[in-house]
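First the structure, in the form of structure tokens, and then the observations on it.
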């Protein structure tokens, strides 16, 4: 192992960086971080409502196969690049090195989209977890109210605990990450087993797994086009879940044998998650009610709980009874907690690397390493504070719906996948790229171009409106009326998809920042020094860590 660590350090020196972070993760631990961020018990559970109201059981079942296949191609294309450039900066570093011209500009946009997506992921995961925790409390205390302020308070407590756990060092992160894998695997097996052996009158059962959803749940009605449209939108349930696997690249500077272990971890985290997610959703789909009214109640809730993300725990409660459901919901909550913690880990490494190359305001501060734990403590706190600010948007409610918050977190997946697509595009258009020990053996073009087409397709889907009617979003026409002309309490603003405008707005902000300032000082990845200077940096950190300086 010592020889592998030396080889990793020498290769990192070749890329221009000192070994500032402690290299203490094995291949399994690297995989554990990406697997935990994908977290089928997080995205698969909190996004279950989306499959229910769009294509119904058929898209819940088929979506995991379709999305899993194409996400695997994206991960394979990224893995080949990661093998050549295993750095904490990951995608933005890849873009800088792969670009045949204007490398700093490509790196700039890749890095900012990646950072935006990661903050959105942390916020969406921990906010959904806070809602799940609130539902769990209600299972024991009916008087507990799921208000905007109670959910936000839980959200802040969860976020703070993730920061604290991360600052203790990579050893604790490794242990919790390894536990997370087995928690997910065993947890899915328990939920699968309980639901598969559960049978109640009125459930779909195994013979109706490919039924459609009751018509009109999204407000869209019509023939074949609407059916295809809603089925396509239902794919986003799995797509939202299978993301964040770039985390394996961001912790590659802490991984032993990173040139092979990091790309393997990316690929494994995707296909294992897709398989486990398919089995989980097979069991959950089996226990959905046939009755359209009961189906709708599970999807949309009621009685003080109208949170869409609680569709999965509502289904568990109806399928297995309150006592067993408490246990299954608890399993999901712990898994989601691991997911949020791993998301903070990956984000902190990205901030550390991006600021190491001077891309962020206050970069010198965010790049600092805690000499005792060898972790980027300041970067951890920056990511958590930014996520808290995004979470505060949930306090603005329109008709009981946190429009602003969900508009912001809607860009999480798109922000990440744009940052995935840029280096993949630069790879397939760069014939001079030198592959690492893990590569696609000449099949990079078919894999890469197919991955890019898929990213383009899901980007369009994430921009599309899910609910109808969605316009206008202001004025007297904003309120949705009942049949008798009175206001229903629902608003078209909440049906409008703000993801597209926000992504375009983010691009404009990044472009203006680049044109007015960034291009004058951001030169892309920097070389920290000569091999001798890099070793001196490492020796100083080692001395500080052990108290000999």
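In the numbering used here, the protein residues as written are -13 to 535. Glycine included, each C-beta is placed from N, C-alpha and C at the ideal position. Every value quoted in this text rests on a predicted model; they were computed, and no experiment measured them.
Own chain partners of residue 236 with C-beta closer than 6 Å, once the 5 adjacent residues on each side are dropped | For the purposes of this step, residue 236 is taken as residue 250 along the chain shown, with counting starting at 1. Result list for residue 236: 74, 76, 332, 335 and 336, in chain order.
Could you pull the start and end residues of the alpha helix (DSSP H) that residue 235 belongs to?
-> Indexing the chain shown from 1 puts residue 235 at position 249. Element bounds for residue 235: 233 to 236.
Just the C-alpha distance for residue 4 and residue 86, rounded to the nearest angstrom, thanks.
-> Reading the chain shown from its first residue, position 18 is the one you call residue 4. Reading the chain shown from its first residue, position 100 is the one you call residue 86. The straight-line gap from Cα to Cα measures roughly 26 Å.
Is the segment 238 to 256 in contact with the segment 57 to 66, if contact means three or more CB pairs nearer than 8 Å?
-> yes
Could you pull the start and end residues of the beta strand (DSSP E) that residue 355 belongs to?
-> Within the chain shown, the letter at position 369 stands for residue 355. Residue 355 -> no beta strand (DSSP E), and no H or E assigned at all.
If we ignore side chains and look at the alpha-carbon of each, how far apart do residue 7 and residue 370 end up?
-> Walking along the chain shown from the start, residue 7 turns up at place 21. Walking along the chain shown from the start, residue 370 turns up at place 384. So the two alpha carbons sit approximately 20 Å from each other.
DSSP three-state call for residue 204: helix, strand or coil?
-> Within the chain shown, numbered from 1, the residue matching residue 204 stands at position 218. Of the three classes helix, strand and coil, the one that applies to residue 204 here is coil, per DSSP.
Does the distance from the CB of residue 482 to the CB of residue 507 come in under 9 Å?
-> Counting from 1 along the chain shown, the entry for residue 482 is found at position 496. Counting from 1 along the chain shown, the entry for residue 507 is found at position 521. No.
Which first and last residues belong to the beta strand (DSSP E) in which residue 467 is found?
-> Residue 467 sits at position 481 when you count from the first residue of the chain shown. Start and end: 465 to 467.
Using a threshold of 9 Å, state whether the C-beta atoms of residue 196 and residue 52 are closer than that.
-> Reading the chain shown from its first residue, position 210 is the one you call residue 196. Reading the chain shown from its first residue, position 66 is the one you call residue 52. Taking 9 Å as the Cβ cut-off, residue 196 and residue 52 do not qualify as a contacting pair.
Alpha helix (DSSP H) runs contained entirely in the segment 393 to 481, provided each spans 4 or more residues | 397 to 414, 430 to 449 and 478 to 481
Report the residue from 148, 185, 263 and 238 whose alpha carbon sits nearest the alpha carbon of residue 171.
-> Taking the chain shown and counting its residues from 1, the one referred to as residue 171 is at position 185. Considering only alpha carbons, the answer is 263.
Please classify residue 249: does DSSP put it in a helix, a strand, or coil?
-> Residue 249 sits at position 263 when you count from the first residue of the chain shown. Of the three classes helix, strand and coil, the one that applies to residue 249 here is helix, per DSSP.
Chain-order list of residues whose beta-carbon lies under 8 Å from that of residue 276 (same chain, five-residue window excluded) = Along the chain shown, read from residue 1 onward, the residue named residue 276 stands at position 290. Excluding sequence neighbours, residue 276 sits near 188, 189, 190 and 194.
Can you check whether the CB of residue 400 is closer than 9 Å to the CB of residue 489?
-> Against the chain shown, residue 489 aligns to sequence position 503. Against the chain shown, residue 400 aligns to sequence position 414. Yes, the Cβ-Cβ distance between residue 489 and residue 400 is below 9 Å.
Is it the case that the Cβ atoms of residue 153 and residue 363 are separated by a distance below 9 Å?
-> Numbered from its first residue, the chain shown carries residue 153 at position 167. Numbered from its first residue, the chain shown carries residue 363 at position 377. Going by C-beta atoms, residue 153 is nearer than 9 Å to residue 363.
What are the start and end residues of the alpha helix (DSSP H) that includes residue 367?
-> The residue labelled residue 367 in the question sits at position 381 within the chain shown. That run of the alpha helix (DSSP H) goes 363 to 378.
Taking C-beta to C-beta, are residue 329 and residue 108 nearer than 9 Å?
-> For the purposes of this step, residue 329 is taken as residue 343 along the chain shown, with counting starting at 1. For the purposes of this step, residue 108 is taken as residue 122 along the chain shown, with counting starting at 1. Yes, they are a contact pair.
Determine the direct distance from the alpha carbon of residue 443 to that of residue 477, and round the result to whole angstroms.
-> Position 491 of the chain shown, counted from the start, is the residue given in the question as residue 477. Position 457 of the chain shown, counted from the start, is the residue given in the question as residue 443. For residue 477 and residue 443, the distance between alpha carbons rounds to 28 Å.
Endpoints, the alpha helix (DSSP H) within which residue 332 is located = Residue mapping note: residue 332 aligns to position 346 of the chain shown, counting from 1. Start and end: 308 to 342.
Which listed residue (211, 239, 183 and 450) has its alpha carbon closest to that of residue 11 = Residue 11 sits at position 25 when you count from the first residue of the chain shown. Of 211, 239, 183 and 450, the residue nearest in Cα terms is 239.
Neighbourhood of residue 35 by C-beta distance below 7 Å, restricted to the same chain and skipping five residues each side = What you label residue 35 is simply residue 49 of the chain shown in a count that begins at 1. Within the same chain, residue 35 has close Cβ partners 285, 294, 295 and 297.
Look up residue 544 in the DSSP assignment and say whether it is helix, strand or coil.
-> Outside the displayed span of the chain (-13 to 535) sits residue 544, for which this structure offers no information.
Check whether the segment 213 to 229 touches the segment 27 to 42, taking contact to mean three or more Cβ pairs, one atom from each stretch, closer than 8 Å.
-> yes
Is it buried or exposed for residue 279, if we count other Cβ within 10 angstroms and need 16 for buried?
-> Indexing the chain shown from 1 puts residue 279 at position 293. Its Cβ having fewer than 16 others within 10 Å, residue 279 is exposed.
Considering residue 130, what are the terminal residues of the alpha helix (DSSP H) in which it resides?
-> In the chain shown, counting from the first residue as 1, residue 130 sits at position 144. First-last for residue 130: undefined, no H or E at that position.
Specify the secondary structure class of residue 291 as computed by DSSP and reduced to three states.
-> Counting from one through the chain shown, the residue named residue 291 turns up at place 305. Three-state DSSP puts residue 291 in a strand.
Same chain, Cβ closer than 7 Å to residue 416, five either side skipped, listed in chain order = Residue numbering aside, residue 416 sits at position 430 when the chain shown is read from its first letter. Counting only Cβ-Cβ distances below 7 Å, and skipping sequence neighbours, we find 84 and 86.
Coil, strand or helix - residue 11 by DSSP = Sequence index remark: in the chain shown, residue 11 carries index 25 (1-based). Residue 11 falls in the strand class under three-state DSSP.
For residue 241, name the three-state secondary structure that DSSP assigns.
-> The residue you call residue 241 lines up with position 255 of the chain shown. Three-state result, residue 241: strand.
Among residues of its own chain, excluding the 5 on either side of residue 343, which ones have a beta-carbon nearer than 6 Å to its beta-carbon?
-> As a working mapping, residue 343 is identified with position 357 in the chain shown. Only 511 and 512 meet the Cβ criterion.
Reducing DSSP to helix, strand and coil, say where residue 83 ends up.
-> Along the chain shown, one-based indexing puts residue 83 at 97. Correct three-state label for residue 83: helix.
Between residue 539 and residue 451, what straight-line distance do the alpha-carbon atoms span, to the nearest angstrom?
-> For the chain, the structure presents residues -13 to 535; residue 539 sits outside this window and is missing.
Across which residues does DSSP place residue 384 in a beta bridge pair?
-> Looking up residue 384 in the chain shown gives position 398. Partner(s): 387.
Residue(s) in a DSSP beta bridge with residue 189 = Within the chain shown, residue 189 is the residue found at index 203, counting from 1. Note: residue 189 sits in a beta bridge opposite 275.
Which value, in whole angstroms, describes the spacing of the CA atoms of residue 254 and residue 260?
-> As a working note, residue 254 is residue 268 in the chain shown. As a working note, residue 260 is residue 274 in the chain shown. Taking the straight line from one Cα to the other gives about 10 Å.
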